[in-house]
Every structure is written in structure tokens, then in C-alpha cells.
Amino acid sequence: MDSAGVFHQLLINSVIISATTFTHGVFVAAAAAVFRVTKARSHGALRFFRDTAVLVLLVLWLMFAHMLEIGMWAGLFYYYGMFDTWETSLYFAGASFTTLGFGDVLLPDEWRLLSGAAAANGLLLFGLSAAFLFDVVGKLHLGGRAD
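Each residue of the sequence shown is one higher than the last, beginning at 14 in my numbering.
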């Protein structure tokens with residue numbers, strides 16, 4: 014691979030990582046804003062159901078964000094003709110983004126730098142989601158005293 018090919022891949026990596034990170038930031042910021050508004054005091058069973066609903070909705074919201082980001086990577090792979098079908102592009106993007114990496118589907122050699130970037134991007138964004146969930150659980154004081 015020539016240096017122009019490497020530079021092109023690094024440029025694409027920078028653009029897609031910026032786009033997915035911005036997307037994830039919007040989702041996390043929106044969830045944080047909603048959480049701040051809905052953090053009204055409640056007690057007993059009402060508090061239990063509110064906290065459970067907050068966690069379930071937050072997990073679904075973050076999963077939707079991750080699915081969208083996987084779709085962004087899949088769109089990139091499909092747009093550049095790295096795979097013949099959308100399904101294969103989506104499968105590879107999901108396996109890479111989640112760092113699962115089965116290895117049964119691979120990028121063409123001239124595009125292989127993108128797979129590591131997809132994995133690193135997914136790892137960081139899943140980490141951001143986990144940190145956000147951890148923070149929310151701490152603020153809900155699950156199983157502990159009410160605020």
C-alpha cells in the first residue's frame with residue numbers, strides 16, 4: 014500500500030470517528046438533559062418504578078445510538094464498495110465496532126486500517142456509555158437512601 018492509500022484511510026478514519034463521536038455526544042447530552050429534568054424527588058414504589066424506567070429507557074437510548082453509529086460505519090464500508098451487500102457491511106461493522114471481530118469477514122487489504130479504527134471507536138464509545146450509566150446509577154442511589 015502506498016502512502017497516499019494510508020493517508021486516505023487515516024483521513025476517512027478521522028472523519029467517521031469525528032462523526033460517530035459527535036453523534037454519541039448528542040445522544041449522551043440529550044439523555045443527561047432529560048435525566049436532569051426527570052430527577053424529581055419521589056419515594057417508595059413510585060421511586061422504584063421511576064428509577065427502573067429511567068435505566069431501561071437509558072439503555073435503549075444508548076443502544077439506539079450504538080446501532081446508529083454501527084450503521085454509519087456500515088454505510089462507509091458499503092459506499093466505498095468494500096462489501097457487496099449492505100448486510101455484510103452491517104455485520105462487519107457490528108463485529109468490529111463491538112470488538113467482537115469473528116474474522117469470518119475481512120476488509121480488502123487496501124482498506125484494512127479501517128477495521129482497527131472501527132474497533133477503537135466502538136471501544137471508546139461503549140466506554141463512554143458505560144461511564145454515563147454508572148454516573149446515572151450513582152445519582153439514582155439505587156437501593157440506598159433517597160436524596
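Glycine included, each C-beta is placed from N, C-alpha and C at the ideal position.
Of all alpha-carbon atoms in V28, H37, F62, L89, the one lying nearest the alpha-carbon of L153 is that of F62.
Non-local beta-carbon contacts of L113 in its own chain, meaning distances under 8 Å to residues more than five positions away in sequence, involve G107 in chain order. The beta carbon of H37 sits closer than 7 Å to the beta carbons of A78, E82, L138, L141 from its chain, once the five residues preceding and following it are set aside; these are given in chain order.
Going by beta carbons, L126 and Q22 fall inside the 8 Å limit. A check of alpha carbon separations from T34 across A130, D97, L155 identifies A130 as the nearest.
Between W124 and M95, the C-beta spacing is below 8 Å.
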